[in-house]
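Quick note on numbering: numbering that gives the first Met the number 0 labels position 304 of the sequence shown as 303, and the sequence is numbered without any gaps.
A quick write-up on the structure given underneath.
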Amino acid sequence: MPVRLSGMSFERDGERFIWSSVEDVSERKHTEVALLESQKMLQLVLDSIPVRVFWKDTESRYLGCNKLFAADAGLQSPEQIVGKTDHELGWKEQAEIYRDDDRKVIQSGKPKLNYEEPQTSPDGGRLWLKTSKIPLTDLSQTVVGVMGTYEDITQRKKQEERILHQAHFDKLTGIPNRFLALDRLAQLIKEARRTGHKVAVLFLDLDDFKKVNDSLGHEVGDRLLVGAAKRLGGVLRDSDTIGRFGGDEFIVLAGGLEDAADARPLAESLLEQFRRTFRVDGRELILTASIGIAVYPEDGDKPAALLRNADTAMYHSKGEGRNNYYYFTEAMNRGVSRRLALEEQMHGALARGEFRLCYQPVVKIRNRTIAGAEALLRWNNPALGEVPPVEFIPIAEQTGLIVSIGQYVLTEALARTVQWQQRRIDGFTISVNLSPHQFRDPNLLTFIERGLKQAGVSGKSLQLEITEGALMSGHPQVFAALEKLHQLGVRVAMDDFGTGYSSLSYLRKFPFDILTIDRSFVGDISMDMANRELVNAAIAMGNGLGLEVVAEGVETEEQLEHLTRKGCDLAQGYLFGEPVSDVEFSNRLADQFARQGSPYETAS
Ligand code: C2E
Ligand code: CA
Ligand code: CA
0 MPVRLSGMSF
10 ERDGERFIWS
20 SVEDVSERKH
30 TEVALLESQK
40 MLQLVLDSIP
50 VRVFWKDTES
60 RYLGCNKLFA
70 ADAGLQSPEQ
80 IVGKTDHELG
90 WKEQAEIYRD
100 DDRKVIQSGK
110 PKLNYEEPQT
120 SPDGGRLWLK
130 TSKIPLTDLS
140 QTVVGVMGTY
150 EDITQRKKQE
160 ERILHQAHFD
170 KLTGIPNRFL
180 ALDRLAQLIK
190 EARRTGHKVA
200 VLFLDLDDFK
210 KVNDSLGHEV
220 GDRLLVGAAK
230 RLGGVLRDSD
240 TIGRFGGDEF
250 IVLAGGLEDA
260 ADARPLAESL
270 LEQFRRTFRV
280 DGRELILTAS
290 IGIAVYPEDG
300 DKPAALLRNA
310 DTAMYHSKGE
320 GRNNYYYFTE
330 AMNRGVSRRL
340 ALEEQMHGAL
350 ARGEFRLCYQ
360 PVVKIRNRTI
370 AGAEALLRWN
380 NPALGEVPPV
390 EFIPIAEQTG
400 LIVSIGQYVL
410 TEALARTVQW
420 QQRRIDGFTI
430 SVNLSPHQFR
440 DPNLLTFIER
450 GLKQAGVSGK
460 SLQLEITEGA
470 LMSGHPQVFA
480 ALEKLHQLGV
490 RVAMDDFGTG
500 YSSLSYLRKF
510 PFDILTIDRS
520 FVGDISMDMA
530 NRELVNAAIA
540 MGNGLGLEVV
550 AEGVETEEQL
560 EHLTRKGCDL
570 AQGYLFGEPV
580 SDVEFSNRLA
590 DQFARQGSPY
600 ETAS
């Protein structure tokens with residue numbers, strides 16, 4: 000046999016690739032015959048593999064393909080494809096896109112791997128393909144075309160879409176859940192910014208609902224919730240949104256308002272819905288609700304601020320005797336003088352060495368070993384004492400001091416990471432929180448790149464946790480920054496998912512690697528059905544989008560067990576350890592190392 004046929008198959012990134020080559024080992028005079036033979040052999044090989052393969056010339060005309068590909072194109076045999084274009088094969092909509100891809104690969108001489116593209120099937124259906132293209136070269140290494148493979152991922156895409164859909168609606172009442180409602184709020188704000196209209200956020204909480212649950216049982220409580228959701232939904236305009244926020248909390252969003260007072264009739268008719276009694280199991284039940292209203296832009300220009308203020312106003316309504324509604328006012332927020340004191344003390348605090356970092360273990364749920372740590376900032380000031388980060392970070396953010404403080408955090412955290420990695424903890428990663436202001440700092444990337452180099456830490460050891468605020472601007476530079484971080488190997492987490500600081504559209508639009516579920520949901524998954532559903536939805540969404548999911552604030556075995564069952568990857572919380580100093584954290588790692596192989600024991 001004057002031909003040597005070789006081939007191999009290998010896996011990369013969970014993908015199966017098949018290479019085959021045919022080498023002519025015959026005398027020159029046999030070349031033509033051999034080539035013909037080898038081509039037949041090659042075609043046989045290509046027809047026998049479960050991957051679509053095609054190759055085209057520099058004008059994007061097909062030179063050949065395998066049987067599977069021919070079938071997708073509606074052809075009887077691969078030979079029929081020779082000389083045709085995508086347009087001629089009936090892929091009219093996508094022909095331009097495919098041609099652009101071909102051109103990019105041909106002109107750059109570089110492969111383009113594993114990207115997802117839509118296509119129309121011969122019967123007009125919608126397909127999703129995962130495509131890879133590599134340049135096709137001749138013996139002198141001149142690019143003479145492009146060779147591509149693809150896989151039909153329509154089923155996976157459909158399943159993802161289904162999961163995402165399910166993850167957006169409240170199971171009990173069928174109305175949008177917190178995630179979807181927050182997403183709508185972000186959209187309404189965006190729209191209002193363009194049109195100059197106002198958006199009202201009505202936070203509605205049922206009065207004494209806990210009593211209903213406690214005295215009549217959860218089943219009756221659930222039926223009441225379903226009834227309440229139905230009545231509330233009934234009074235909305237088409238453009239309004241209602242969402243279930245948590246146990247007995249609902250949120251109603253009304254956009255396109257001319258005036259803040261336009262939300263009044265809505266609030267009144269929502270309360271009106273409770274004038275009639277609810278009938279459950281032959282019982283007549285009276286239910287009332289309290290409402291707080293915050294309006295964009297006067298009460299906040301971000302979802303988180305609006306929610307917080309609507310919530311504050313709702314509490315005010317409760318305090319004023321319930322079954323009522325109040326607009327948010329600044330007077331409901333106290334503490335202006337405290338703020339000034341914090342601001343004053345914060346200047347110079349870094350130079351005086353008042354900041355330090357604590358580290359909290361992040362644990363792999365699978366085997367309960369430490370996968371890394373989250374660095375958490377602490378501030379101890381002689382005049383103010385220990386100030387919690389939730390209080391001082393926002394001020395550092397507004398004054399811009401966060402940039403230099405954040406640089407201290409990164410440098411310090413990376414220095415510790417090197418030490419801990421030297422203890423041969425495989426793949427130890429450090430998570431660092433970045434606030435929006437830091438993320439917009441034009442020097443951030445150079446600082447990170449230099450910081451990694453100086454510390455001698457690889458990019459993949461660093462995870463940055465950001466919240467929605469960092470992405471709000473929607474500038475192309477945000478994409479560029481994320482892209483650059485990925486090039487450095489740095490992974491990016493969406494922090495506090497579900498709190499109003501994060502929303503679905505960002506999750507889908509930006510290339511996150513990790514999803515962090517906020518501790519406020521995890522905290523009572525064992526008590527509160529609605530929060531359990533939200534946690535389930537967040538995990539399903541994270542998995543559906545191919546992200547690693549971290550649950551925060553895990554305090555009990557029961558919570559952990561639930562998270563394990565739902566397929567959560569990582570956990571953090573007092574069950575495994577509170578944030579501790581670097582020295583204590585080192586001891587903790589040493590312990591784990593001494594017990595190497597044995598499961599990580601919970602903190603005592
Ligand atoms: P975060 O990023 O959500 O951090 C997790 C918070 O949950 C920490 O609060 C942690 O102590 C707390 N925690 C952890 N496990 C449990 C648990 O099992 N139960 C409960 N109840 N809480 C738990 P901490 O340290 O007070 O930090 C609060 C927030 O301050 C952080 O929330 C983060 O947003 C911000 N922050 C902290 N350090 C930094 C920093 O260096 N830079 C920036 N920009 N923000 C920071
Ligand atoms: Ca965090
Ligand atoms: Ca968080």
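Backbone N, C-alpha and C define an ideal beta-carbon position, used for all residues, glycine too.
beta-carbon residue i near ligand 2 non-hydrogen atom, thresh 7 Å
i    : result
T172 : no
E464 : yes
E373 : yes
Reduced DSSP secondary structure (H/G/I, E/B, other) of residue i
i    : result
C64  : strand
A309 : helix
P393 : helix
Y573 : coil
D590 : helix
F446 : helix
T601 : Any reading at T601 needs caution, since the residue's pLDDT is 36, under 50, leaving its predicted position unreliable; the model's value is listed next. Reduced to three states, the DSSP call for T601 is coil.
K189 : helix
T416 : helix
N212 : helix
V234 : coil
A492 : strand
R282 : strand
I152 : coil
E583 : helix
G468 : helix
M0   : Caution is warranted here: a pLDDT of 43 is assigned to M0, below 50, making its placement in the model unreliable, and no coordinate value can be reported.
Residue i Cβ short of 7 Å to ligand 1 heavy atom set
i    : result
S434 : yes
I401 : yes
P387 : yes
E92  : no
E554 : yes
K405 : The identity of residue 405 in the sequence shown is Gly, whereas the question assumes Lys. Yes, Cβ of G405 sits closer than 7 Å to a heavy atom of ligand 1.
L376 : yes
P49  : no
Member of the options whose CA lies at the smallest distance from the CA of residue i
i    : options                : result
N253 : T240, G246, G245       : Contrary to the premise, residue 253 reads as Ala rather than Asn in this sequence. Here the closest residue by C-alpha is T240.
P578 : L181, P475, P387, N308 : P387
L43  : S59, C64, R60          : C64
G497 : G488, G173, M540, L41  : M540
T416 : D207, N176, L41, V431  : V431
F592 : Q421, L481, R274       : Q421
L470 : R439, G455, L451       : R439
L562 : R307, K229, V521, E36  : V521
E248 : D237, F273, I290       : I290
K111 : R125, I96, I133, L128  : I133
K156 : F584, R125, L138, A180 : R125
G245 : L286, I292, H346, K170 : K170
G89  : K363, N113, D122       : D122
N-terminal and C-terminal residue of the beta strand (DSSP E) that residue i is part of
i    : result
Y358 : 354-363
L128 : 125-136
T428 : 428-432
S525 : Premise fails: S525 is in no beta strand (DSSP E) and is neither H nor E.
L286 : Note, L286: premise wrong, no beta strand (DSSP E); not H, not E.
Q140 : From DSSP, Q140 is part of no beta strand (DSSP E); its letter is neither H nor E.
Rounded Cβ spacing between residue i and residue j (contact assumed at less than 8 Å)
i    : j    : result
I447 : A374 : Not a contact, Cβ separation roughly 14 Å.
K83  : V145 : The pair is not a contact, with the Cβ atoms about 15 Å apart (cut-off 8 Å).
I516 : A479 : Not a contact, Cβ separation roughly 28 Å.
E390 : L341 : 7 Å
A492 : D512 : 7 Å
L356 : E411 : 5 Å
N380 : E353 : 5 Å
heavy atom of ligand 3 below 7 Å from residue i C-beta
i    : result
D517 : yes
D568 : no
D494 : yes
E551 : yes
Where the alpha helix (DSSP H) containing residue i begins and where it ends
i    : result
R243 : Taken as a continuous stretch (DSSP letters only), R243 belongs to no alpha helix (DSSP H), being part of the beta strand (DSSP E) at 240-243.
P435 : 435-438
A266 : 262-271
T563 : 556-565
R518 : 518-521
P296 : It is not in any alpha helix (DSSP H) - P296 carries neither H nor E in the DSSP assignment.
Any non-hydrogen atom of ligand 5 within 7 Å of residue i CB
i    : result
I392 : The ligand content of the structure shown is limited to ligand 1, ligand 2 and ligand 3, which means ligand 5 is not among them.
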